[in-house]
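Visitor:
Number of protein chains: 2
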Amino acid sequence: MDIGPPECLKTALSVTPKLLMGPGPSTSSPRILQAVRQSVLEHTDPDLFKIMDDIKEGLRYAFQTKNVLTLAISGTGHSGMEAVLSNLLEPGENVLIAITGTWGDRAADMARRYGAIVNTVSSKFGTTLKLSEIEDAVARVRPKLFFIVQGDSSTGVLQPVDNLSAICRRYNCLLAVDVVASLGAVPFYMDRWGIDAAYAGSQKVLGAPPGLAPISFSPRARDVIFSRKTPAPVYYWDMKLVGRQWKCFDEDRIYHHTISSTLLYGLREGLSILADEGLEHAIQRHRTCAKRLYNELEKIGFELFVENEDDRLCTVTTVYIPDWVTWDDVALYMRRYKSKNASKLKKKGFRSH
Amino acid sequence: MDIGPPECLKTALSVTPKLLMGPGPSTSSPRILQAVRQSVLEHTDPDLFKIMDDIKEGLRYAFQTKNVLTLAISGTGHSGMEAVLSNLLEPGENVLIAITGTWGDRAADMARRYGAIVNTVSSKFGTTLKLSEIEDAVARVRPKLFFIVQGDSSTGVLQPVDNLSAICRRYNCLLAVDVVASLGAVPFYMDRWGIDAAYAGSQKVLGAPPGLAPISFSPRARDVIFSRKTPAPVYYWDMKLVGRQWKCFDEDRIYHHTISSTLLYGLREGLSILADEGLEHAIQRHRTCAKRLYNELEKIGFELFVENEDDRLCTVTTVYIPDWVTWDDVALYMRRYKSKNASKLKKKGFRSH
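Protein sequence lines correspond, in order, to chains A and B. Quick note on this note's numbering: the first sequence kicks off at 1 and runs consecutively. Quick note on this note's numbering: the second sequence kicks off at 1001 and runs consecutively.
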C-alpha cells in the first residue's frame, strides 16, 4: 500500500449528545434513532416499497395535499430547492424570486446555473413582502415561476403564502414555496392555497436525521415537467424518473438510485409521530413554546429581531446579539465549547446546555 | 385540516432484517448500525468537523491517494457520478465514455444533460475493453475527459484501470474511474495509477448505509474545476463549495448544505473497520470468498457469465439464469418472498435466506 491506515480511525466513534436548539437539524427522538439503526434493506425490496408508500401518505398529510407526485428526494433541503428549480425551469425562461433572507439568494444562484433569467423582489430585511409588492413584480416580470420562502431561518420571518395563488393564476405563473423551516409547525395547505411546488427537510420539525427532502408537485407543475422541451438538467432529481421509483405514476417502478433505507426509516417515524400528535396540535405547541421563549428572552434583556409578533416564525427566534459578544461566542458557549465571554454570558442569564 | 392523518402511520416501523447478497447495499455490521443511531449533531459543530476530518483520512486510505480534494458527497453513488461529470465538463466539450455495462450508459445520459458532446467506446457485453481499443478511441475523439467503470455491477466484469493514465496524458485528457462496486475489494491506487477523479458509494464494500458518495479529485482535476469558464451547473455538488465545507482548501469552512451526521457516523465506522482489517487483507478476503462462490455455483450447475476468471469482479458474481425461471423469481425467492418456482428452485439447490 502507498498510504497506510490513518491513526485517527483506530478508535471507535464516540458522539457526545447535545440538545439541538439551532434552526436545524433538531434533536431526533429515541424512537427515530432506534428506527435508523434497523437493518439496511435493498432499494428494490418490497418491504422498503411499503415504507416508501407510508412516507408518501405521511407527506401528503404534512403538505395537506392530494398530489400524486409527492415523495422524498435523496438529499438535504438544498436538493429540494434545486429539484424544484431544475425541473420547472428551462434555459432562457423567466423566474421571479422573492428575497426575504439568505434562501432567496441561494435559489437565485441555483436558477442562474440552470440558465434561467433571474428577477428578484426583495423585502426590507426582517420584514415580510407585501401582497402588492409581489403582485407588481409578477405583473412586471411575467415569470414562468414565482419562488418564495414561507419561513426564512436566516431572519426568523414568517411570510404569508396563503394568498398568492390568485396573483400567480392571473399571470399564468407557477407558485413554488420553500417550507424547509416551517412545515409541520405553522399552517400550510398546499392544495387549498393553490401551491404548485413545495419542499422541506427531514431534519427540522419532522425531527428525523438530515439527508432527505420531502417534495410535492401539483398536477399543473407535473404537466410542466412532462412537457419540457429540454431534458431535466440533473439526472439525480429528474422528477420523471424519481417519481417512477416512488411509484407516483401508473407505470412500473424503476430503479433510479440506491435510496437510503435508514434515512427512510427515520423520516417514516417522524411522520408517524406527527400523525399521532396531529398537525393542529403540533402547530399550537410550536406557537405556545415560541411565545414563552419570546417572554423569557425579553426578560433577560434581549431585543427580538422581528418586531411584529405576527411576522415571527415560531420555529426560529432571532434576537439582536449585544455588542459586547459575537454570535460565534454565543453559539460556542451554548454548545458547551470554550468561548471568550463565557462568564459574562453566564452572568447575563445565558445557559449552556 | 383538509387531509387527515393516514392509517398506515398509526403503527410503528418494523423492519425484518435480511442478509443482503445483492450488488449493494451490503448488510451493515452491528458496529455501524450502533453508530448511526447516535445523537444527531449540527453541521456546524466542531465535533462533527472532527468526524469529517477522520472520514477524509479514511477515504484517502481507501482511494490510496494524497488528494486534498477528497470527501463524501451527500447523495448516493449516482450523485458521485454526476458530481464528477458536472464539475469536469462544460457545455460543448468532448467526453469519451467507456460502455462496459449499464453504468457507462448512465454516465452518457448525465453528460448529455450537461451539454457535453458524448462519444462512446463499447466492449463486447461481459468482457473488458482492451487497451488498444481505448487508445484508438482517445486518439480519435481527443476528449477532455475519459470515463470508465472499474467494477461494473451490471455485468460482473472487472476492467483494468492501472494502465490508462499514460494514454490519457499523451492526449491531454482527464481520467475518471467509477469504483462504486469495487473500492476496498480490489486493488485501486489512485495516485500511483494517475487517476484524476474517482467516486464510490458508502453502501457497498464499506458496509455503511447508502446516502454518501466518497469522491476524490487529483490536483490536475482540481485545477480544471477552479479554471472553469462557466459555473458548475449544479449548486449541490459544486466542488469549489463542497470542498470548502469539508475544509479541503486553505480557506475558512463555509456552510454549503446540512450534512447528515448520522450518515457520516456510519461511513466513519465503515472506514475504521477497513483500516483495522487493512486493505490488503480485505482484498484477499473478497478474492477468496468469490472463488468459493464460483466453485459452489458451478457445482449446482450454474454457468458463470464472465468466462475469464481474471475478468471477474469479486464483489458481484453474475450467472446465467436457467430458462425455466426468471431473474425476478430467483430474487424474490432468495429474499423469502413467494415466487412461482420456489419448489423447483429449492430442489435445484437454491437456498433462500
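Note that CB positions come from ideal geometry on N, CA and C, so glycine has one too.
Spell out the partners DSSP gives I1215(B) in its beta bridges.
Guide: Within the second sequence, numbered from 1, the residue matching residue 1215(B) stands at position 215. Its beta-bridge partners are L1071(B), Y1199(B).
Visitor: Checking contacts by CB at 8 Å: is L1145(B) closer than that to chain D?
Guide: Absent from the structure is chain D; the protein chains it does hold are A and B.
Visitor: Roughly how many whole angstroms lie between the Cα atoms of S1029(B) and I225(A)?
Guide: Counting from 1 along the second sequence, the entry for residue 1029(B) is found at position 29. Counting from 1 along the first sequence, the entry for residue 225(A) is found at position 225. Whole-angstrom Cα-Cα distance: 41 Å.
Visitor: Could you check whether the segment 151-162 of chain A touches the segment 283-302 of chain A, counting it as contact only if at least three pairs of C-beta atoms, one from each stretch, sit closer than 8 Å?
Guide: Result no; under three Cβ-Cβ pairs closer than 8 Å.
Visitor: Sorted by chain position, which residues of the same chain lie with C-beta nearer than 7 Å to V141(A)'s C-beta, five sequence neighbours on each side aside?
Guide: Numbered from 1 along the first sequence, position 141 holds the residue referred to as residue 141(A). Counting only Cβ-Cβ distances below 7 Å, and skipping sequence neighbours, we find N94, L96, N119.
Visitor: Can you list the residues of chain A that K1240(B) reaches, using a CB-CB cut of under 8 Å?
Guide: Residue mapping note: residue 1240(B) aligns to position 240 of the second sequence, counting from 1. Result: empty, since nearest Cβ-Cβ is about 12 Å, beyond 8 Å.
Visitor: By the three-class DSSP mapping on this structure, what secondary structure does G1266(B) have?
Guide: Position 266 of the second sequence holds residue 1266(B). The answer is helix: DSSP assigns G1266(B) an H, G or I state.
Visitor: Using 8 Å as the cut-off, can you tell me whether the segment 185-196 of chain A makes contact with the segment 1063-1081 of chain B, which would need three or more C-beta pairs spanning the two stretches below that distance?
Guide: Flag = no, the segment 185-196 of chain A and the segment 1063-1081 of chain B do not touch.
Visitor: Straight-line CA distance for I1134(B) to G184(A)?
Guide: Along the second sequence, read from residue 1 onward, the residue named residue 1134(B) stands at position 134. Along the first sequence, read from residue 1 onward, the residue named residue 184(A) stands at position 184. In a straight line, the C-alpha of I1134(B) is about 54 Å away from that of G184(A).
Visitor: Compile a chain-ordered list of the residues in the segment 1046-1079 of chain B whose CB is closer than 8 Å to at least one CB of chain A.
Guide: So the close ones are P1046, D1047, I1051, D1053, D1054, E1057, G1058, R1060, Y1061, Q1064, T1065, K1066, S1074, G1075, T1076, G1077, H1078, S1079.
Visitor: Output the residue ranges of the alpha helix (DSSP H) runs that lie fully inside the segment 1034-1084 of chain B and measure 4 residues or longer, sorted by chain position.
Guide: Correct list: 1046-1063.
Visitor: What's the C-alpha gap between R1285(B) and D1053(B)?
Guide: Your numbering for residue 1285(B) matches position 285 in the second sequence. Your numbering for residue 1053(B) matches position 53 in the second sequence. One C-alpha to the other measures close to 28 Å.
Visitor: Are the beta-carbon atoms belonging to L164(A) and K144(A) less than 8 Å from one another?
Guide: Here residue 164(A) refers to the residue found at position 164 of the first sequence. Here residue 144(A) refers to the residue found at position 144 of the first sequence. No, Cβ-Cβ distance for L164(A) and K144(A) is not below 8 Å.
Visitor: H1353(B) to A282(A), Cα distance in whole Å?
Guide: Start at 1 with the first residue of the second sequence, and residue 1353(B) comes out as number 353. Start at 1 with the first residue of the first sequence, and residue 282(A) comes out as number 282. Low confidence applies here, because H1353(B) scores a pLDDT of 48, under 50, leaving its location unreliable; read the following figure in that light. Answer to the nearest angstrom: the Cα atoms are 43 Å apart.
Visitor: Pick helix, strand or coil for W193(A), following the three-state DSSP scheme.
Guide: Start at 1 with the first residue of the first sequence, and residue 193(A) comes out as number 193. Of the three classes helix, strand and coil, the one that applies to W193(A) here is coil, per DSSP.
Visitor: Suppose only complete runs of 4+ residues qualify. What are the alpha helix (DSSP H) ranges in the segment 110-196 of chain A, listed by chain order?
Guide: Qualifying alpha helix (DSSP H) stretches, in chain order: 131-141, 165-170.
Visitor: Residues in the segment 1007-1018 of chain B with C-beta within 9 Å of chain A's C-beta atoms, listed in sequence order?
Guide: Answer set for the segment 1007-1018 of chain B: E1007, C1008, L1009, K1010, T1011, A1012, L1013, S1014, V1015, T1016, P1017, K1018.
Visitor: Verify the contact flag: K1010(B), CB atom, against every heavy atom of the ligand MN, threshold strictly below 7 Å.
Guide: The ligand MN is not among the ligands present in this structure, which contains no ligands whatsoever.
Visitor: Have a look at T127(A) and D311(A) and give me their C-alpha separation to the nearest angstrom.
Guide: Counted from its first residue, the first sequence places residue 127(A) at position 127. Counted from its first residue, the first sequence places residue 311(A) at position 311. C-alpha separation (whole angstroms): 7 Å.
Visitor: Alpha carbon to alpha carbon, how far is D1328(B) from F1147(B)? Give it in angstroms, no decimals.
Guide: Residue mapping note: residue 1147(B) aligns to position 147 of the second sequence, counting from 1. Residue mapping note: residue 1328(B) aligns to position 328 of the second sequence, counting from 1. Between F1147(B) and D1328(B), the C-alpha separation is close to 31 Å.
Visitor: Got a sec? Which residues, its chain only, sit under 6 Å from T258(A) by beta carbon, not counting five neighbours each side?
Guide: Here residue 258(A) refers to the residue found at position 258 when the first sequence is read from its first residue. Same-chain partners within the cutoff: H43.
Visitor: Find the nearest neighbour of L69(A) within the set W103(A), A342(A), F249(A), judged by alpha-carbon distance.
Guide: As a working mapping, residue 69(A) is identified with position 69 in the first sequence. With distances taken between Cα atoms, L69(A) lies closest to F249(A).
Visitor: Can you list, in chain order, the residues of its chain with a C-beta nearer than 8 Å to that of D1105(B)? Leave out the 5 residues immediately preceding and following it.
Guide: Working through the second sequence from its first residue, we reach residue 1105(B) at position 105. So the qualifying residues of the chain are I1099.
Visitor: Which residues does DSSP pair with A1098(B) in a beta bridge?
Guide: By 1-based counting over the second sequence, the position of residue 1098(B) is 98. Note: A1098(B) sits in a beta bridge opposite V1121(B).
Visitor: Taking the alpha helix (DSSP H) that C289(A) belongs to, which residues open and close that run?
Guide: Taking the first sequence and counting its residues from 1, the one referred to as residue 289(A) is at position 289. Note, C289(A): alpha helix (DSSP H), 279-299.
Visitor: On the three-state DSSP scale, how would you describe V1234(B)?
Guide: Taking the first residue of the second sequence as 1, we reach residue 1234(B) at position 234. Coil, per DSSP.
Visitor: Output needed for G101(A): all residues of its chain with C-beta closer than 6 Å, excluding positions within five of it in sequence on either side, in chain order.
Guide: Sequence index remark: in the first sequence, residue 101(A) carries index 101 (1-based). Closer than 6 Å at the Cβ level, and outside the excluded window around G101(A), lie D152, S154, T155.
Visitor: In the DSSP assignment, find the unbroken alpha helix (DSSP H) run with K1240(B) in it and report its ends.
Guide: Within the second sequence, residue 1240(B) is the residue found at index 240, counting from 1. Residues 1239-1245.
Visitor: Using a Cβ-Cβ cut-off of less than 8 Å, give me the residues of the segment 1104-1130 of chain B that come near chain A, in sequence order.
Guide: Taking 8 Å as the Cβ-Cβ cut-off against chain A, the residues of the segment 1104-1130 of chain B that qualify are R1106, D1109, M1110, R1112, R1113, Y1114.
Visitor: Would you be able to state if there are at least three C-beta pairs under 8 Å between the segment 213-229 of chain A and the segment 1264-1283 of chain B?
Guide: No, because fewer than three Cβ pairs between the segment 1264-1283 of chain B and the segment 213-229 of chain A fall closer than 8 Å, the two stretches do not touch.
Visitor: Note down, in chain order, each residue of its chain lying with its Cβ closer than 7 Å to the Cβ of S1086(B), except the 5 sequence neighbours on either side.
Guide: Along the second sequence, one-based indexing puts residue 1086(B) at 86. Result list for S1086(B): Y1114, A1232, P1233, V1234, W1237, in chain order.
Visitor: Does any C-beta atom of chain A lie closer than 8 Å to the C-beta of S1261(B)?
Guide: Taking the first residue of the second sequence as position 1, residue 1261(B) is located at position 261. Chain A contact via Cβ: present.
Visitor: From P1209(B) to D1109(B), what does the alpha carbon distance come to, in whole angstroms?
Guide: Position 209 of the second sequence, counted from the start, is the residue given in the question as residue 1209(B). Position 109 of the second sequence, counted from the start, is the residue given in the question as residue 1109(B). For P1209(B) and D1109(B), the distance between alpha carbons rounds to 26 Å.
Visitor: With 8 Å as the C-beta to C-beta threshold (strictly closer), list the residues of the segment 28-46 of chain A near chain B in chain order.
Guide: Result list: S28, R31, L33, Q34, A35, V36, R37, Q38, S39, V40, L41, E42, H43, T44, D45, P46.
Visitor: Measure the C-alpha to C-alpha separation of N308(A) and A331(A) and round it to an integer number of angstroms.
Guide: Indexing the first sequence from 1 puts residue 308(A) at position 308. Indexing the first sequence from 1 puts residue 331(A) at position 331. Each residue's Cα considered, the two are about 25 Å apart.
Visitor: Mind checking whether L264(A) and L48(A) have CB atoms under 8 Å apart?
Guide: Walking along the first sequence from the start, residue 264(A) turns up at place 264. Walking along the first sequence from the start, residue 48(A) turns up at place 48. Contact flag set, yes.
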